[in-house]
Amino acid sequence: MAITGLEMKKALFSPVMIGLLLLCLAVNILTIMDQAYQRDDLKVANKIVQQYGVLVQEETLKELEQDVTDQLRLLGYSEIESLLEELAAGDGEQVSETDQQRRHETALLTNYIQAGRAMESDYLSISIAELRDEFLQSHQLPNWLADYMTDQFNRWQTRYTEIVETNEYKQWFFLGNYHMHSELFRTLIKTIALQGTLLVTLLTVLIANYEYDHKSQLVIYASKKGRHLLWNKLAASLLGSCLLMLILFGLSFQ
Numbered sequence: 707m708a709i710t711g712l713e714m715k716k717a718l719f720s721p722v723m724i725g726l727l728l729l730c731l732a733v734n735i736l737t738i739m740d741q742a743y744q745r746d747d748l749k750v751a752n753k754i755v756q757q758y759g760v761l762v763q764e765e766t767l768k769e770l771e772q773d774v775t776d777q778l779r780l781l782g783y784s785e786i787e788s789l790l791e792e793l794a795a796g797d798g799e800q801v802s803e804t805d806q807q808r809r810h811e812t813a814l815l816t817n818y819i820q821a822g823r824a825m826e827s828d829y830l831s832i833s834i835a836e837l838r839d840e841f842l843q844s845h846q847l848p849n850w851l852a853d854y855m856t857d858q859f860n861r862w863q864t865r866y867t868e869i870v871e872t873n874e875y876k877q878w879f880f881l882g883n884y885h886m887h888s889e890l891f892r893t894l895i896k897t898i899a900l901q902g903t904l905l906v907t908l909l910t911v912l913i914a915n916y917e918y919d920h921k922s923q924l925v926i927y928a929s930k931k932g933r934h935l936l937w938n939k940l941a942a943s944l945l946g947s948c949l950l951m952l953i954l955f956g957l958s959f960q
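So the sequence shown is residues 707 to 960, counted in the numbering used here.
In structure tokens:
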């Protein structure tokens with residue numbers, strides 16, 4: 707076990723390995739920072755829940771509309787359309803960062819009002835039975851698979867009925883496209899997978915060729931222990947690979 711640890715140590719502490727690992731971590735940090743702006747949009751959704759409650763109600767929407775109207779007046783607008791046109795044209799870049807943030811937040815609140823107004827009609831218009839029939843008609847499935855999908859749709863119907871009866875669908879939710887939860891993690895995982903492949907390959911090469919690179923293979927492999935050294939190198943490569951991936955995932959997703 708001591709030999710395995712030494713084999714792993716001399717590869718992990720190689721300047722090339724350390725440099726490449728730091729470079730990979732820097733790329734991951736830049737990827738995360740590139741999506742950092744989404745946090746402001748998430749704060750708006752959290753603010754609505756804290757101030758107006760979890761459920762979308764008529765009283766809540768009226769109160770939110772009044773607050774948006776008051777905010778528009780403070781920003782110097784008589785209607786939301788003027789603000790949206792200015793934001794679309796990029797004219798808001800001339801104002802301070804604080805005012806720009808207020809304009810952006812006001813526009814987001816308008817989107818939440820529209821979503822709240824349309825939430826009930828959109829959700830109650832869903833028909834699981836129609837979706838099931840359309841799915842089965844558009845896909846030529848064997849009988850066993852058609853029966854399985856029918857059973858799944860029946861389960862979704864049960865869940866849908868439960869959501870309607872408990873008014874669960876009337877809860878506020880984040881209106882963004884969930885870049886932080888989908889695109890970011892999808893991109894980051896793909897990047898880490900590529901980085902892991904490069905790091906594991908480099909680690910394996912460093913461990914396997916260490917004696918040849920340092921011209922000591924004739925001495926090492928001539929000894930009794932040296933003839934079985936490949937098993938230690940295999941164990942060191944596996945353990946080192948797990949450690950590298952742990953470092954990549956741990957520091958990137960913390």
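Virtual Cβ for every residue (Gly too), placed ideally from N, Cα, C.
The structure presented is a predicted model; accordingly, all values stated were derived computationally and were not measured.
How far does the alpha helix (DSSP H) with residue i in it extend, from its first residue to its last?
i	result
T872	Note, T872: premise wrong, no alpha helix (DSSP H); not H, not E.
F955	935-959
E785	E785 -> no alpha helix (DSSP H), and no H or E assigned at all.
When DSSP labels each residue in this structure, what does residue i get in the three-state scheme?
i	result
L847	coil
L881	coil
T710	helix
I832	coil
K716	helix
K921	coil
N860	helix
N1041	No information on residue 1041 is available, as it lies outside the stretch 707 to 960 that the chain covers here.
Going by the DSSP bridge assignment, what does residue i pair with across the sheet?
i	result
L761	Q877
Using 8 Å as the limit for Cβ to Cβ distance, is residue i near chain D?
i	result
L767	In the structure shown, chain D does not exist; there is a single protein chain.
*Are at least three pairs of beta-carbons, each pair with one atom in the segment 909-917 and one in the segment 943-954, less than 8 Å apart?*
yes
*On the three-pair Cβ rule with 8 Å, is the segment 721-728 touching the segment 841-859?*
no
*asked:* Closer than 8 Å is the cut-off here; do at least three beta carbon pairs connect the segment 746-762 with the segment 867-882?
replied: Because the criterion of three Cβ pairs below 8 Å is met, the segment 746-762 and the segment 867-882 touch.
_With three or more C-beta pairs closer than 8 Å as the rule, is the segment 767-781 touching the segment 890-899?_
no
*Is there contact between the segment 805-817 and the segment 782-790, where contact requires at least three CB pairs shorter than 8 Å?*
The count of Cβ pairs closer than 8 Å, one atom from the segment 805-817 and one from the segment 782-790, reaches three, so the stretches are in contact.
*Do the segment 830-844 and the segment 857-869 touch if we need at least three Cβ pairs shorter than 8 Å?*
yes
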